[in-house]
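Student:
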Amino acid sequence: MKIRVSQFIEFAYGDKRKDKAKVKSIIGDLDLPYDPIKDRYKQFREAMISLEDQKISTEKFLALHSSVSANKSAGYKVLCQNYLDLKEDHALIWQGRSPVEADISGLRITTAWNLRTEANNQRRIIFLHFGKEQLPRKKERGLLTILRLAQPESAGVGILNIQPGTLITATRLDQNEADYLHERATKFLAFAKDLQAGD
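In terms of the numbering used here, the sequence shown opens at residue 230 and continues consecutively.
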């Protein structure tokens with residue numbers, strides 16, 4: 230079973246009393262078609278890819294905010310500048326769509342949109358989260374933990390949470406959180422098998 234990392238994080242830190250309903254909704258969401266209306270950062274991602282593929286100039290990338298809707302403009306302006314600053318500050322290397330896959334108690338979790346840097350034999354993987362809402366810090370740490378579980382040889386793992394107005398980097402990892410996510414993954418799979426057996 231493959232689910233998005235954001236879906237699992239939502240389950241793991243969601244309302245425990247509604248576990249079965251949450252599992253059912255996650256499984257059900259797998260059949261939903263892509264909805265571009267809900268994809269707030271589609272234009273930013275496309276521009277970012279074009280920039281990294283050298284199809285557009287840095288100046289055009291920085292001017293992206295002038296070609297999007299008014300409610301996205303301010304956020305896009307900051308995103309583009311911060312993206313370039315972050316790459317320069319941390320010597321980040323574009324990795325495009327290279328996926329990172331985690332296997333937690335048999336639960337496959339896939340993320341994408343990676344940047345990395347090699348420094349002092351440490352690799353930092355940064356996951357770009359393109360959701361509409363800012364993730365709470367606890368959920369950000371959960372994403373970091375999942376990425377570390379996916380790349381256990383990684384000395385440092387980071388997350389880049391993109392939202393209107395800011396870019397957030399974090400590198401703190403927590404073994405207790407890793408253990409907790411293992412337990413939740415086991416529970417998720419148990420609910421999923423129970424639901425599938427009932428069909």
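Cβ atoms here follow ideal geometry from the backbone N, Cα and C, with glycine treated the same way.
Drop a sphere of 10 angstroms on the beta-carbon of Lys-271, count the other beta-carbons inside from all chains shown, and report buried for 16 or more, exposed for fewer.
Tutor: It is exposed - the Cβ of Lys-271 has fewer than 16 other Cβ atoms within 10 Å.
Student: Kindly indicate which residue of Asp-408, Arg-370, Gln-404 and Leu-378 has the alpha-carbon position closest to the one of Glu-239.
Tutor: Residue Arg-370 is the option with its Cα nearest to Glu-239.
Student: Helix, strand or coil for Arg-366? Go by DSSP, reduced to three states.
Tutor: Looking at Arg-366 - three-state DSSP - the assignment turns out to be helix.
Student: Measuring CA to CA, which of Leu-336, Asp-268 and Asp-403 is closest to Ala-419?
Tutor: Considering only alpha carbons, the answer is Leu-336.
Student: Could you say which of Gly-427, His-294, Leu-315 and His-411 lies nearest to Tyr-242 if we only look at CA atoms?
Tutor: Taking only the C-alpha atoms, the option nearest Tyr-242 is His-411.
Student: Could you check which residue in Phe-237, Ser-254, Lys-245 and Gln-236 has the C-alpha nearest to that of Gln-425?
Tutor: For the residues Phe-237, Ser-254, Lys-245 and Gln-236, the minimum Cα distance to Gln-425 belongs to Ser-254.
Student: Figure out for me which residue from Ile-333, Lys-289 and Ala-250 has the closest Cα to the Cα of Ala-379.
Tutor: Residue Ile-333 is the option with its Cα nearest to Ala-379.
Student: When you compare the CB positions of Ile-338 and Arg-345, do they come within less than 7 Å of one another, or not?
Tutor: Their beta carbons are not under 7 Å apart, which means Ile-338 does not touch Arg-345 by this criterion.
Student: Answer with buried or exposed for Lys-368, where buried requires no fewer than 16 other C-beta atoms within 10 angstroms of its C-beta.
Tutor: Lys-368 should be labelled buried.
Student: If you count every other CB in all the chains shown that lies within 10 Å of the CB of Ala-250, and 16 or more means buried, which is it?
Tutor: Answer is exposed; the Cβ neighbour count stays below 16.
Student: What's the C-alpha gap between Leu-308 and Ser-235?
Tutor: Distance between the alpha carbons of Leu-308 and Ser-235: 21 Å.
Student: Would you identify the three-state DSSP class for Leu-321, choosing helix, strand or coil?
Tutor: Three-state result, Leu-321: coil.
Student: With 16 other CB atoms within 10 Å as the buried threshold, where does Ala-331 fall?
Tutor: With 16 or more Cβ atoms within 10 Å of its Cβ, Ala-331 is classed as buried.
Student: Along the beta strand (DSSP E) that carries Lys-284, what are the first and last residues, could you check?
Tutor: Where Lys-284 is concerned, there is no enclosing beta strand (DSSP E), given that its DSSP letter is neither H nor E.
Student: With C-beta atoms as the reference, is Val-252 less than 7 Å away from Ala-421?
Tutor: Cβ distance < 7 Å, so Val-252 and Ala-421 count as in contact.
Student: Where does the unbroken alpha helix (DSSP H) through Ala-407 begin, and where does it stop?
Tutor: 404-427 is the span of the alpha helix (DSSP H), which, as asked, contains Ala-407.
Student: May I have the straight-line CA-CA distance separating Val-297 from Met-277, to the nearest angstrom?
Tutor: When rounded, the distance between both Cα atoms is 14 Å.
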